[in-house]
Amino acid sequence: MKTKHKKSVGRLTAPPRLCLLVATAATAMLLTACSIGSDIGEELGEVLGCIFSNCKDSADMRLEDISPRHRISQSGNTVTILAQLSQSANVLTVVRPSGGDRLSASFGGRSIELRDLSDGMRERYGASFTHTGEQPSVSVLFHRGTDSHVSTAAPPRPFVMLEPLGPVTQTRNGTGITIVLGLPASVLPGNLLSGRCERVDGSRFEAETQLPIKLISAVADRQTYQVDPAVLDIKLNERSIAANNGVVTTPFVRRCELTVTWAHEIRGQAATTLNHHGRITGAYEVTQRLNYEAQL
Numbered sequence: 000m001k002t003k004h005k006k007s008v009g010r011l012t013a014p015p016r017l018c019l020l021v022a023t024a025a026t027a028m029l030l031t032a033c034s035i036g037s038d039i040g041e042e043l044g045e046v047l048g049c050i051f052s053n054c055k056d057s058a059d060m061r062l063e064d065i066s067p068r069h070r071i072s073q074s075g076n077t078v079t080i081l082a083q084l085s086q087s088a089n090v091l092t093v094v095r096p097s098g099g100d101r102l103s104a105s106f107g108g109r110s111i112e113l114r115d116l117s118d119g120m121r122e123r124y125g126a127s128f129t130h131t132g133e134q135p136s137v138s139v140l141f142h143r144g145t146d147s148h149v150s151t152a153a154p155p156r157p158f159v160m161l162e163p164l165g166p167v168t169q170t171r172n173g174t175g176i177t178i179v180l181g182l183p184a185s186v187l188p189g190n191l192l193s194g195r196c197e198r199v200d201g202s203r204f205e206a207e208t209q210l211p212i213k214l215i216s217a218v219a220d221r222q223t224y225q226v227d228p229a230v231l232d233i234k235l236n237e238r239s240i241a242a243n244n245g246v247v248t249t250p251f252v253r254r255c256e257l258t259v260t261w262a263h264e265i266r267g268q269a270a271t272t273l274n275h276h277g278r279i280t281g282a283y284e285v286t287q288r289l290n291y292e293a294q295l
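Position 169, counted from 1, in the sequence shown is what numbering that gives the first Met the number 0 calls 168; the numbers after and before it change by one each time, with no gaps.
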């Protein structure tokens with residue numbers, strides 16, 4: 000987990016927001032560019048579109064230069080496949096299947112074609128299916144001619160959220176909410192915070208960031224965390240400025256309706272016939288509703 004724990008700070012005023020703008024721009028680029036990385040904040044984001052990044056057609060590339068970037072996630076009985084391609088270790092280059100190259104998936108004796116999730120841009124592919132029983136092993140196949148290059152992963156065993164059991168509200172000046180996950184002490188979970196926020200002037204924006212937390216204890220199959228409300232306020236205002244084209248005088252965030260997605264991820268086996276920087280992960284996810292109120 001990459002969250003850095005900061006000391007509690009007061010409400011941001013106009014001068015510090017000039018510095019905040021620089022940090023926001025860099026953070027926004029990194030979160031998006033690394034969207035096919037290893038932790039959930041990266042995995043669940045969208046890869047940079049071709050407007051902002053370098054895009055290449057797979058037919059123009061050698062197999063050994065194509066890196067699979069795939070994720071198999073399970074939440075309850077729903078399994079979701081997300082497949083992306085990049086060039087070698089360069090996550091800023093999007094490789095788009097072309098010239099007969101294609102992506103499919105197989106699981107439980109079934110095979111399906113993965114559909115384009117990027118409105119015809121050929122940047123992201125995926126599918127979902129319902130599964131009961133043990134965690135499914137899923138293979139994502141990159142096809143070229145008569146050859147198939149197979150990457151395989153399975154989600155880890157399910158875990159549960161022990162506390163809180165329902166939606167909660169975090170205030171800026173209040174005590175941090177306590178979160179308890181039913182995970183072994185050795186597991187390092189990731190999280191993604193996403194939803195809609197309202198500024199004090201009534202305008203709205205979509206927010207996506209990591210939930211700032213402090214580890215309180217980790218024993219047996221129980222991990223306890225506490226939310227840092229001061230850092231959460233800073234993060235949400237960073238996202239607000241970024242969503243408003245970097246305008247440093249953007250009104251402060253008033254409230255948010257958010258979802259926290261927690262994930263335990265494990266690495267699968269990427270196709271050895273493709274670039275060695277490729278990866279595929281399996282993840283099990285749980286979600287919780289979190290409302291944020293800055294004014295209370």
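Just so you know, even glycine gets a beta-carbon here, dropped at the ideal spot from N, CA and C.
None of these values were measured; they are calculated from a predicted model.
Exercise. Which residues in the same chain have their Cβ closer than 6 Å to the Cβ of Pro166, if we skip the five residues on either side of it in sequence?
Worked result: Arg288
Problem set entry | Same chain, Cβ closer than 7 Å to Val259, five either side skipped, listed in chain order | Asn190, Leu192, Leu210, Thr286, Gln287 and Leu289
Exercise. Can we count Glu207 as close to the ligand NAP, meaning its CB is less than 6 Å from some heavy atom?
Worked result: Ligands are entirely absent from the displayed structure, and the ligand NAP is therefore not among its contents.
Exercise. Over what stretch of residues does the beta strand (DSSP E) that includes Gly80 continue unbroken?
Worked result: The sequence given here places Ile at residue 80; Gly does not occur at that position. Thr77 to Gln86 is the extent of the beta strand (DSSP E) around Ile80.
For this session: Compare the Cα-Cα distances from Glu237 to each of Gln225, Arg266 and Glu207 and report the closest residue.
Result: Glu207
For this session: Can you say whether Lys234 is buried or exposed, counting buried as having 16 or more other CB atoms within 10 angstroms of its CB?
Result: buried
Exercise. In chain order, what residues of the same chain lie with their CB nearer than 7 Å to the CB of Leu116, ignoring the 5 residues before and after it?
Worked result: Arg123, Tyr124 and Gly125
Problem set entry | Residues that Ile233 bridges to, as DSSP identifies them | DSSP, once it has assigned bridges, lists no residue as partnering Ile233.
For this session: Have a look at Glu256, His263, Ser147 and Gly277 and flag the residue whose alpha-carbon is nearest the alpha-carbon of Thr170.
Result: Glu256
Problem set entry | Nearest neighbour of Leu180, chosen from Gln222, Glu133 and Gln268 [CA to CA] | Gln222
Problem set entry | Residue from Thr129, Gly173, Ala229 and Gly98 whose Cα sits closest to the Cα of Ser72 | Thr129
Problem set entry | Buried or exposed by the 16-neighbour rule on C-beta atoms within 10 Å, applied to Ser57 | buried
Exercise. Taking just the CA atoms, how far does Leu182 sit from Ile240?
Worked result: 35 Å
For this session: Use the C-beta contact count for Leu187: other C-beta atoms within 10 angstroms, 16 or more gives buried, fewer gives exposed.
Result: exposed
Exercise. Can you name, in chain order, every residue of its own chain whose Cβ lies under 7 Å from the Cβ of Thr177, other than the five neighbours on each side?
Worked result: Glu162, Thr223 and Gln225
Problem set entry | Residues bridged to Ala270 (per DSSP) | Looking at the DSSP assignment, Ala270 forms no beta bridge with any residue, so it has no partner.
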